[in-house]
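Colleague: Protein chains in written order, with this note's numbering: chain L, 131 to 586; chain R, 131 to 586.
Ideal placement from N, C-alpha and C gives every residue a C-beta, glycine not left out.
My structure is below; once you've seen it, I'll send some questions.
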């Protein structure tokens, strides 16, 4: 595949660029995308029906993300220098210098629900570039024209570094790319079924590669009795808003809520959801997946349909009737409310849930001891745990964790949002007794890249 | 399996211990192993035939490793704190606090060739403990009594933390443990065939888990013409020593050497190897694997047998006759020398080699430009690259990298030796807007564990 061959050719040269060059290149891409904004947003709206307001925000997030990652200081290189030590036990220690360097060409499978932020020049692409890797993007079929146009804006902005971005289209080409020997790692955002199929291909290659898949999550929310009693109105409004944001098409959409049996929460949420106007789905495939998923959930014994449209669907079930299938993701604006009588009965159910991107707790300050009992379970089952607020809205920062245990991701040690996302595309190498003038810049004593170095 | 159930039970409590507790516990284990040293070494020698000198050194390395890891400062938690920022683009930023915490119970497959350092209380166990994970070790059948005795010394030293170490024996029990839902990650040192079979099981679990396998490596050595001319004697002596150390039963054994055609290197090495006395193999399985592997290599067209025993075997082939099969590991004291006429012809051969733990270059200072051309290829193909010296002898330090691209390891982003090995057993979690008194200690502003915190 010529896109991958071009990426492989430029790979070593890009991995050896200094941070200044990478910053300039990524900033140039961000500037070009901002400049092309109005026409890209128009195209995105035509293909995804997400609306220009949401898309304008998403493009701003995308270019911010590129600039924030471009400004990274190089701590991700994790430079460690051991001075030689003849008295080191249990034997003399040579001079060792270790850093993390680019893993090689990265294949990114773009997402349907973020045509900018997790697509051609989205988070995965930006973090791979910062790590020093060229990228081949498998375009999402939900926005083909936008993908092509974005790629052309990016490649023009890349100039002599144009080979840092390749675009392939179609499922067959994606699989072929994933099997290509020059691809060193892959990143994916999408469905559990799609992700598992690709993860298996990545694992079964003659040379297996890391596959960073962000797959599925219902993002449980637990409302404690005190909060349910004193803040029912506010929580219902917040929940209805988060559930229907972007027509529910977010990985962090709160699909599963635990509330006390005696709370008016369900009724209050229902009132609000009935007022939400119907919104278009990203495409027919997402729409039909949503309807099939909803039918499957409605058919669970004990499940009661509280609201059916126009803009959202709300189901309700008693904790006694909760089955694991009730926690399966239905991608879109559908919430399942689980009513509990006793908080301690919720704990084993949470502990048995599959891995989640997020879990949210709503509690009064005086309910802290109860949350303390929940916390180890929440931390064990998810990548981000919130006290208050709603899980939609994922800030791009140093401390963000967007990931979690399987099947939230296939790669629990990493994040796909925030500056730590760069780490996915690096691998360590040690240099032993290497002549200093031949060392890669980050390992040299004069530290020309000015990266943090730990010397021992 | 009761060992895993006990590990799972203690898992949360151990993950929440402060560094002081972990240091004390690991140091206690190291002290107990040192105290039991003479009897353990005697047992190890009876089961592995490695000799008391080598085993004394290995036990010293093992207890040093435990103490070094126990003294880690907590930088592996990678604490990041984002203060809330209402003006954060493209939307207000909540308070986010992220750290890496224990992944959960770890399964360690012990190695045959390091009955202490990569066995019951070896590097994998120590790094998992430091990360906050309990460990279940699948004993290596090559030293069953030693494994039991070591485990009993360790469990006694662990005292109330005894459940941090469980021991299982036999292939079936190992596979059953790897499939157990409570196991969160696995580490393995052994053969490519064994490692691949286990890696597949880990990937095909209902909940797949990370599998850190250290599989195979022939650790190429490239002797440049100048070094071959002026230092032939010294290089031959060094090579013969490294090749036969521990009867060649090291992952880092230099099995493949590239030398100029006109160099006396082969003859000089041959002289020395003929003087090496025969040494016992670890066990009959290793011995028969060695002989089968040697026969396979000898049968390659163009391969010439230079030395056959008593203590080592040396083969020679011209670069023109080099085939990928000549780079397959033969675990034991067997070296393949590849004679080249022109250094630039070696480059594509190195680039096509499978991933390696190490690669070593011997060159004169004035040959630096040639090495510079080789360096990107060497760094791309291995975890540690040496200028001079020999790859056997792996220091336990902060900057050591013992790992590499597949099949050197199944986990190219990590190391199994050195302080960075702890990272394999951690996963990040973010806390959003969480009440400060309920946060895990490393994330608190008062920083009771005194770990490095990056605040932005």
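For residue 557/R versus residue 233/R, is the C-beta distance shorter than 8 Å?
Modeller: It is a contact, given that the beta carbons lie within the stated cut-off.
Colleague: So which residues on chain R does residue 561/L lean against when the C-beta distance must stay under 7 Å?
Modeller: Within 7 Å Cβ-Cβ: 515.
Colleague: Quick check on residue 169/L: buried or exposed, where buried means 16 or more other Cβ atoms within 10 Å of its Cβ?
Modeller: Exposed, by the Cβ-count rule.
Colleague: Closer than 8 Å, CB to CB, is residue 500/L near chain R or not?
Modeller: Not an interface residue.
Colleague: When you compare each of 361/R, 490/R, 502/R to residue 517/R by their alpha carbons, which one comes out closest?
Modeller: Nearest option by C-alpha distance: 490/R.
Colleague: Which runs of the alpha helix (DSSP H), 4 residues or longer, sit entirely within the stretch 387 to 423 of chain R?
Modeller: For the stretch 387 to 423 of chain R, whole alpha helix (DSSP H) runs of length 4 or above, ordered along the chain, are 395 to 405.
Colleague: Does the stretch 360 to 367 of chain R come close enough to the stretch 444 to 456 of chain R that 3 or more CB-CB pairs lie under 8 Å?
Modeller: As far as the Cβ criterion goes, the stretch 444 to 456 of chain R does not touch the stretch 360 to 367 of chain R, which means the pair count is below three.
Colleague: Could you name the residues of chain R that residue 588/L contacts, counting a contact when the two beta carbons are closer than 8 Å?
Modeller: Chain L is shown only over 131 to 586; residue 588/L falls outside these bounds and no answer can be derived.
Colleague: If the cut-off is 7 Å on Cβ atoms, which residues from the stretch 238 to 270 of chain L count as contacting chain R, listed in chain order?
Modeller: Those would be none; no residue qualifies.
Colleague: Considering only C-alpha positions, which residue in the set 157/L, 486/L, 449/L, 465/L is nearest to residue 474/L?
Modeller: Among 157/L, 486/L, 449/L, 465/L, the Cα nearest to that of residue 474/L belongs to 449/L.
Colleague: If we ignore side chains and look at the alpha-carbon of each, how far apart do residue 324/R and residue 344/R end up?
Modeller: C-alpha separation (whole angstroms): 11 Å.
Colleague: Out of 175/L, 132/L, 417/L, 151/L, point me to the one whose CA is closest to residue 93/L's CA.
Modeller: Nothing about residue 93/L can be reported from this structure: the residues present for chain L run from 131 to 586 only.
Colleague: Looking only at C-alpha atoms, which of 175/R, 397/R, 265/R, 322/R sits nearest to residue 136/R?
Modeller: If we check each option's Cα against that of residue 136/R, 265/R comes out closest.
Colleague: I'd like to know whether the C-beta atoms of residue 307/L and residue 237/L end up nearer to each other than 8 Å.
Modeller: Yes, the Cβ-Cβ distance between residue 307/L and residue 237/L is below 8 Å.
Colleague: What's the C-alpha gap between residue 272/L and residue 410/L?
Modeller: Distance between the alpha carbons of residue 272/L and residue 410/L: 13 Å.
Colleague: Going by DSSP in three states, residue 539/L sits in which element: helix, strand or coil?
Modeller: DSSP places residue 539/L in strand when its eight states are reduced to three.
Colleague: Tell me, to the nearest whole angstrom, how far the beta carbon of residue 467/L is from that of residue 389/L; I am working on the premise that it is less than 8 Å.
Modeller: About 6 Å separates the two Cβ atoms, so the contact holds.
Colleague: Mapping the DSSP letters down to three states, classify residue 372/L as helix, strand or coil.
Modeller: Three-state DSSP puts residue 372/L in a helix.
Colleague: Would you kindly work out how many angstroms separate the C-alpha atoms of residue 346/L and residue 532/L, rounded to a whole number?
Modeller: Their Cα atoms are separated by approximately 12 Å.
Colleague: Any C-beta of chain R sitting closer than 8 Å to the C-beta of residue 540/L?
Modeller: So yes, residue 540/L belongs to the interface.
Colleague: Nearest to residue 509/R by alpha carbon, out of 472/L, 469/L, 525/L, 228/L?
Modeller: Comparing Cα positions, the closest option is 228/L.
Colleague: Is residue 512/L helix, strand or coil when you go by DSSP?
Modeller: DSSP places residue 512/L in strand when its eight states are reduced to three.
Colleague: State whether the stretch 398 to 412 of chain L contacts the stretch 368 to 381 of chain L, with contact taken as three or more CB pairs (one from each stretch) at a distance under 8 Å.
Modeller: Touching, yes, given that three or more Cβ pairs across the two stretches are closer than 8 Å.
Colleague: If residue 149/R and residue 204/R are in contact, beta carbons under 8 Å, what's the gap, nearest whole angstrom?
Modeller: Residue 149/R to residue 204/R, Cβ: 6 Å. Contact.
Colleague: If we count Cβ pairs, one from each stretch, closer than 8 Å, do we get three or more for the stretch 238 to 248 of chain R versus the stretch 182 to 196 of chain R?
Modeller: Output reads yes: the stretch 182 to 196 of chain R touches the stretch 238 to 248 of chain R.
Colleague: Buried or exposed: which applies to residue 257/R, given that a residue is buried once 16 or more other Cβ atoms fall within 10 Å of its Cβ?
Modeller: The residue is buried, with at least 16 neighbouring Cβ atoms inside 10 Å.
Colleague: Looking at chain L, is there any beta carbon in it that lies within less than 8 Å of the beta carbon of residue 382/R?
Modeller: Answer no: the Cβ-Cβ gap between residue 382/R and chain L never drops below 8 Å.
Colleague: So residue 378/L and residue 462/L are supposed to be a Cβ contact under 8 Å. How far apart are they, rounded?
Modeller: With 8 Å as the limit, residue 378/L and residue 462/L qualify as a contact, their Cβ atoms being about 4 Å apart.
Colleague: Residue 566/L and residue 212/L: beta carbons closer than 8 Å?
Modeller: No. Outside cutoff.
Colleague: Taking only beta-carbon positions, decide if residue 545/L is within less than 8 Å of chain R.
Modeller: By this cut-off, residue 545/L is an interface position.
Colleague: With H, G and I counted as helix, E and B as strand and the rest as coil, what does DSSP make of residue 213/R?
Modeller: Residue 213/R falls in the coil class under three-state DSSP.
Colleague: Kindly indicate which residue of 312/R, 339/R, 353/R has the alpha-carbon position closest to the one of residue 481/L.
Modeller: Checking every option, the nearest Cα to that of residue 481/L belongs to 312/R.
Colleague: Considering only residues of the same chain and omitting the five flanking positions on each side of residue 460/L, which have a CB-CB separation below 7 Å?
Modeller: Result list for residue 460/L: 385, 420, 423, 424, 427, in chain order.
Colleague: With distances taken from CA atoms, which of 543/L, 142/L, 555/L is nearest residue 230/R?
Modeller: Of the candidates 543/L, 142/L, 555/L, the one whose C-alpha sits nearest the C-alpha of residue 230/R is 543/L.
Colleague: Less than 8 Å separating the beta-carbons of residue 546/L and residue 342/L?
Modeller: Yes.
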